[in-house]
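With the numbering used here, the residue at position 237 of the sequence shown is 237, and numbering never jumps.
These notes concern the structure reproduced below.
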Amino acid sequence: IASIESIHSEMCNDKSSTFSVTGTGVASAAVAAAASTSSASGSSSSSSASGSSSSSSASGSSSSSSSKVVIVGGAEILECPLCLLCHSRESFPDIMTCHHRSCIDCLRQYLRIEISESRVNISCPECSERYNPHDICMILCDRVLMEKYEEFMLRRWLVADPDCRWCPAPDCGYAVIAFGCASCPKITCGREGCGTDFCYHCKQLWHPNQTCDAARQQRAQSLHLRTVRSSSLSYSQESGAAADDIKPCPRCAAYIIKMNDG
1 IASIESIHSE
11 MCNDKSSTFS
21 VTGTGVASAA
31 VAAAASTSSA
41 SGSSSSSSAS
51 GSSSSSSASG
61 SSSSSSSKVV
71 IVGGAEILEC
81 PLCLLCHSRE
91 SFPDIMTCHH
101 RSCIDCLRQY
111 LRIEISESRV
121 NISCPECSER
131 YNPHDICMIL
141 CDRVLMEKYE
151 EFMLRRWLVA
161 DPDCRWCPAP
171 DCGYAVIAFG
181 CASCPKITCG
191 REGCGTDFCY
201 HCKQLWHPNQ
211 TCDAARQQRA
221 QSLHLRTVRS
231 SSLSYSQESG
241 AAADDIKPCP
251 RCAAYIIKMN
261 DG
């Protein structure tokens with residue numbers, strides 16, 4: 001995503017609502033919002049836990065981690081539930097959303113696989129609790145992968161926005177958030193070097209003095225004509241006949257070859 005632009009159409013009288021923001025900034029905002037939501041849920045769960053009886057608190061602390069703890073020379077050695085290898089306590093990062101603990105190497109590999117498969121809602125490998133984006137960033141320590149994860153989050157957020165429109169130009173990938181453009185539907189892509197005009201309603205190239213339905217029918221007819229011409233040229237090359245001598249039947253669309261037999 002190059003960037004996001006919040007616009008009001010040029011056909012509108014009120015231009016005061018126009019502003020733009022880069023995609024990276026919105027991605028960071030989306031991550032921050034997800035982080036605050038996850039932190040809030042974690043706080044509420046901890047508050048409810050503190051309100052429980054002392055006996056349940058004791059039982060909760062005894063099962064606070066799925067990793068087996070062994071004391072060796074006064075130091076804690078934990079067994080990772082994923083790789084079943086023993087590591088020092090420092091190799092097990094603390095996670096905000098759940099009590100399960102796995103070694104940093106296993107978690108990092110797990111997150112890399114999840115992000116490479118375009119997953120956004122990444123959960124703990126041992127339960128269904130979702131990871132906080134802050135924890136994901138801490139575990140990954142990989143700027144490129146984190147930017148990819150932020151882009152996935154941003155795209156997910158954009159898809160859910162009813163005013164988001166994508167530029168239909170090939171290889172553009174520019175998202176436009178068009179507030180209040182239903183009554184004046186002409187949208188201009190703000191990406192430098194593009195500037196494509198398209199329709200807010202049908203999300204296709206701008207069609208002046210035409211309704212969306214009329215423009216849709218015209219596009220369908222043009223596509224059919226291009227298909228017929230392409231098929232005619234292909235058949236001409238295969239049969240050896242001249243392209244001008246091959247015409248589709250107006251009723252059944254079967255190809256007819258003009259014969260010069262005198």
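Yeah, the Cβ is synthetic: ideal placement off N, Cα and C, and Gly gets one too.
Distance between residue j and residue i (C-alpha atoms, nearest Å)
{"i": "Ile136", "j": "Arg156", "result": "17 Å"}
{"i": "Ser59", "j": "Cys86", "result": "Any reading at Ser59 must be qualified, since the residue scores a pLDDT of 38, below 50, and its modelled position is unreliable; no value is offered."}
{"i": "Ala264", "j": "Asp142", "result": "The question about residue 264 has no answer, for the chain in this structure spans 1 to 262."}
{"i": "Leu82", "j": "Arg112", "result": "15 Å"}
{"i": "Val176", "j": "Ile122", "result": "27 Å"}
{"i": "Leu205", "j": "Gly180", "result": "19 Å"}
{"i": "Asp108", "j": "Asp171", "result": "Per the sequence shown, the amino acid found at residue 108 is Arg instead of Asp. One C-alpha to the other measures close to 32 Å."}
{"i": "Val21", "j": "Ser102", "result": "Any reading at Val21 needs caution, since the residue's pLDDT is 37, under 50, leaving its predicted position unreliable; the model's value is listed next. Roughly 38 Å separates the two Cα atoms."}
{"i": "Leu158", "j": "His100", "result": "32 Å"}
{"i": "Arg311", "j": "Ile139", "result": "Residue coverage of the chain in this structure runs from 1 to 262, which leaves residue 311 outside it and unanswerable."}
{"i": "Gly190", "j": "Asp161", "result": "18 Å"}
{"i": "Ser116", "j": "Gln221", "result": "41 Å"}
{"i": "Phe152", "j": "Leu145", "result": "11 Å"}
{"i": "Glu192", "j": "His134", "result": "33 Å"}
{"i": "Cys194", "j": "Ile77", "result": "58 Å"}
{"i": "Tyr265", "j": "Asn209", "result": "Look at the range of the chain in this structure, 1 to 262, and you will see that residue 265 is not part of it."}
Cβ-Cβ distance between residue i and residue j below 9 Å
{"i": "Cys167", "j": "Tyr174", "result": "yes"}
{"i": "Cys199", "j": "Ala214", "result": "no"}
{"i": "Tyr110", "j": "Pro93", "result": "no"}
{"i": "Thr97", "j": "Arg119", "result": "no"}
{"i": "Ile104", "j": "Asn132", "result": "no"}
{"i": "His201", "j": "Gln218", "result": "no"}
Residue i - DSSP class collapsed to helix/strand/coil
{"i": "Ile122", "result": "coil"}
{"i": "Glu192", "result": "coil"}
{"i": "Ile139", "result": "helix"}
{"i": "Cys249", "result": "coil"}
{"i": "Arg101", "result": "coil"}
{"i": "Ser61", "result": "Summary for Ser61: the model assigns pLDDT 38, below 50, so the residue's position carries little reliability, and this model does not support an answer."}
{"i": "Cys83", "result": "coil"}
In DSSP terms, what residue i is bridged to
{"i": "Ser88", "result": "Ile77"}
{"i": "Leu205", "result": "Phe198"}
{"i": "Ile113", "result": "Per DSSP, none; premise fails for Ile113."}
{"i": "Arg216", "result": "BP columns for Arg216 are empty, so no partner."}
{"i": "Ile95", "result": "Answer is none; Ile95 lacks a bridge partner."}
{"i": "Lys148", "result": "According to DSSP, which records beta bridges pairwise, Lys148 is partnered with nothing at all."}
{"i": "Arg156", "result": "Answer is none; Arg156 lacks a bridge partner."}
{"i": "Arg130", "result": "Ser123"}
Whole-number beta carbon distance between residue j and residue i, since they are thought to touch under 8 Å
{"i": "Thr211", "j": "Asp197", "result": "Contact flag wrong, Cβ pair sits at about 16 Å."}
{"i": "Cys106", "j": "Cys127", "result": "Actually they do not touch by this definition, with Cβ atoms about 15 Å apart."}
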